[in-house]
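Here is the structure we will look at.
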Amino acid sequence: MTPGAPSVRTRFAPSPTGFIHLGNIRSALYPWAYARAKGGSFVLRIEDTDVERSSEEAVQVILEGMRWLGLDCDEGPYYQMQRMARYKEVLAQMLAQGSAYRCYMSSAELDALRERQLAAKAKPRYDGTWRPEPGKSLPPVPAGIEPVLRFRNPVGGAVVWEDKVKGRIEIQNDELDDLVIARPDGTPTYNFCVVVDDIDMAITHVIRGDDHVNNTPRQINILRALGATPPVYAHLPTVLNEQGEKMSKRHGAKPVTQYRDEGYLADAVVNYLARLGWSHGDDEIFTREQLVQWFDLDHLGKSAGQFDEAKLRWVSAQHIKMTPDATLAPLVVEQLGRRGISAALGTHLESAIALFKDRCSTTREIADWLAMYFAPVTPSQAELEAHLTPAVAPAIETLRAALAAASWHRESIQQCVKDTLAAHGLKMPQLAMAVRVLVCGRAQTPSLDAVLALFDKDVVLARLCLRD
Ligand code: GLU
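Per my numbering, the very first residue in the sequence shown carries number 29; after that it's consecutive.
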């Protein structure tokens with residue numbers, strides 16, 4: 029931090045109007061990572077003023093998704109609907125100081141104005157009828173019309189900002205008409221609330237989706253009218269889905285929490301999303317700690333990121349490998365619980381995780397493997413016919429008898445297998461595949477002795493028993 033500079037304060041300001049997907053939550057990850065990288069604060073603000081479309085359920089998915097991904101906030105959640113009194117106070121203040129004014133133009137008049145402008149091939153905009161100017165006399169106030177409040181936008185000059193993603197953006201003030209900041213019933217409008225909140229919450233860096241670029245010059249003008257210094261802006265390019273469309277529920281995006289349910293690791297999703305619009309050299313796989321150490325606003329990508337589930341799976345597989353078995357264990361227990369299997373934590377479970385995790389991308393896939401240790405398996409008829417051939421069946425009996433007499437650990441199991449192969453003149457795969465199909469329900473597994481050693485001996489003997 030530069031001495032004397034205010035400490036970094038970032039925010040995530042979602043509208044709870046539909047469940048949050050990975051594309052949206054990236055707009056939480058970046059401000060979170062930046063606040064953590066700079067030792068600053070991260071604020072959560074729920075923008076729930078669109079009461080028709082906002083829902084408590086959507087708020088819960090946001091909170092749950094952020095909790096899962098470890099995007100902890102230092103302040104909030106603030107709810108805009110709970111800040112109405114504050115917005116009204118600022119509206120009154122702007123009216124008193126002349127940076128806002130009452131406009132009595134009816135919607136019919138506004139429509140007529142718009143039509144005239146379109147007919148004259150001009151851009152439709154408010155014409156300033158009710159804007160007070162020195163020496164100008166305003167029309168008589170009509171009876172029975174509740175006015176809106178408009179912001180008195182500066183005339184002439186330009187709004188300029190150095191966007192951390194888009195570079196320098198300059199918008200002429202003459203392009204901007206006087207924005208409605210309060211409706212006839214006195215409720216404040218969207219851009220106004222954002223400005224009041226960003227000022228009150230002392231936000232220093234606004235990191236958000238680039239669908240808000242068009243709002244930014246208006247917000248900067250209102251900020252300045254309120255005597256505030258505009259924050260730094262970083263407008264993130266959209267996240268596209270695999271078909272190249274903007275990621276959205278309508279286009280099949282899943283809620284963030286579904287990735288948790290599918291057994292992705294939170295750190296892997298954080299890693300994947302961080303890379304989808306930001307880079308640190310060629311690093312593809314990094315921990316949360318490394319992200320926090322490295323994250324900056326100077327290496328944000330300029331082009332849209334495209335979601336790629338196969339890449340996410342790959343990143344998740346790398347994190348599964350890196351994550352200690354003891355950390356994976358409760359997640360695997362949870363996944364087993366989802367299929368009605370209750371498994372206990374302990375070294376036995378951890379050894380099983382260690383044996384299978386290298387071939388898995390999610391904790392659900394680990395649970396797919398481990399289920400055979402806790403619940404009966406049902407080999408397919410085709411697998412049984414393919415591997416339990418007349419040549420192999422007698423060897424299964426021999427192996428079963430040998431195992432019944434053996435002590436139960438990897439080396440002794442391996443010896444039983446070897447002796448059986450020698451006695452029946454079989455090759456390892458012939459016997460091993462048949463044993464796997466019977467005991468594990470599938471023909472491919474890691475090393476047979478290691479897999480068997482993790483079962484209870486009785487279970488193996490029961491599954492190898494070919495007589496009814
Ligand atoms: N509520 C807005 C949205 O969900 C974000 C506003 C902002 O970040 O300024 O798109």
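Ideal Cβ placement from N, Cα and C applies to all residues, glycine included.
Taking all protein chains shown into account, Met-94 has 16 or more neighbouring C-beta atoms within 10 Å of its C-beta and is therefore buried.
For Phe-220, the enclosing alpha helix (DSSP H) begins and ends at 218 to 228. Within the stretch 295 to 364, the runs of alpha helix (DSSP H) at least 4 residues long that lie entirely inside it are, in chain order, 316 to 322, 337 to 350.
DSSP, read as helix, strand or coil, puts Lys-485 in helix. In the structure shown, Trp-397 adopts helical secondary structure according to DSSP, grouped into three states.
Per DSSP, the unbroken beta strand (DSSP E) holding Glu-190 starts and ends at 186 to 191. Under the 10 Å beta carbon count, Cys-101 is surrounded by 16 or more other beta carbons and is classified as buried. Under a 10 Å Cβ-count criterion, Ala-296 is classified as buried, with 16 or more other Cβ atoms of the shown protein chains found around its own Cβ. Rounded to whole angstroms, the separation of the alpha carbons of Ala-450 and Ala-302 is 55 Å. For Phe-47, the three-state secondary structure derived from DSSP is coil. In the three-state reduction of the DSSP assignment, Ser-440 falls in the helix class, which pools H, G and I.
For Cys-468, there is no enclosing beta strand (DSSP E); the enclosing alpha helix (DSSP H) covers residues 456 to 468. Put simply, the backbone Cα of Pro-34 is about 15 Å away from that of Val-71.
Taken atom to atom, the span from the alpha-carbon of Gly-309 to that of His-327 is near 9 Å.
About 14 Å separates the Cβ atoms of Arg-130 and Leu-207, ruling out a contact at the 8 Å cut-off.
For Ile-250, the enclosing alpha helix (DSSP H) starts and ends at 244 to 253. The C-beta distance from Leu-251 to Pro-245 rounds to 11 Å, too long to meet the 8 Å contact threshold. DSSP places Ile-424 inside the alpha helix (DSSP H), whose first and last residues are 421 to 433. Met-350 sits exposed, since fewer than 16 C-beta atoms from the chains shown fall within 10 Å of its C-beta. Residue pairing from DSSP leaves Leu-146 without any beta-bridge partner. For Ser-379, the uninterrupted alpha helix (DSSP H) segment begins and ends at 375 to 384. Note that the C-beta distance between Leu-50 and Tyr-287 is below 9 Å. Remark: C-beta atoms of Glu-75 and Gln-108 approach each other more closely than 9 Å.
Under the 10 Å beta carbon count, Lys-192 is surrounded by 16 or more other beta carbons and is classified as buried. Residue pairing by DSSP places Tyr-287 in no beta bridge whatsoever.
The DSSP-derived three-state label of Ser-55 is helix. Between Ala-403 and Arg-366, the CB-CB gap reaches or exceeds 9 Å.
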